[in-house]
Structures are given as structure tokens and as C-alpha cells.
Amino acid sequence: MTRTVAVPRDAHSYSRPNPAHHLSKAVSFIEGYLQYRRERRALLALSPHLLKDIGISRADAERIAHAPFSHWTKR
1 MTRTVAVPRD AHSYSRPNPA HHLSKAVSFI EGYLQYRRER RALLALSPHL LKDIGISRAD
61 AERIAHAPFS HWTKR
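Under my numbering, the sequence shown has 3 at position 3, and the numbering climbs by one with no breaks.
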């Protein structure tokens, strides 16, 4: 007995990696890193008065700003 199965023409394409998806993920990662870097630089630029207003010390700001990027990314 022979069985015939209909497979959509584009079904095979789902198993192949999509280069655009990988590029999009890479661009998103870079954008996230650049935003992270801007925020950390802005934190270091705050005056002691402004740091006190948001409730952190200069030492806290230094620790936060110098934490590795991998500390802030999801695993």
C-alpha cells in the first residue's frame, strides 16, 4: 500500500535558518549594548547632588557603571 502526503511547497523553507532573523538579532543586541553604554556614562556624569536625589552614592554609581554588560543581559 502506498500513501501520498501533500506537503506545501514552502514547508521545506521552515527548516532552513533565516539570515535576516540572525541579522535582526545582532542589530538588536548592538542597539541594546549602545543604550546600556549611554546610560552608564550618563550615570557617571551626574553630580553628587543628583546622585543623592536618586538615592545612590558615588561608589554605587561607579559599581553600577562598571558592571559587565553580561550582568545586565538575560540568560
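Heads up, the beta-carbon is just placed ideally off N, CA and C, and yes, glycines get one too.
Quantities reported herein were computed from a predicted structural model and do not represent experimental measurements.
Helix, strand or coil for residue i per DSSP?
i	result
Ala65	helix
Arg58	helix
Where does the unbroken alpha helix (DSSP H) through residue i begin, and where does it stop?
i	result
Arg41	Pro19 to Ala45
Ile54	Pro48 to Ile54
Can you give me the Cβ contacts of residue i inside the same chain, cut-off strictly under 8 Å, excluding the 5 residues immediately before and after it?
i	result
Ala65	Arg40, Arg41, Leu43 and Leu44
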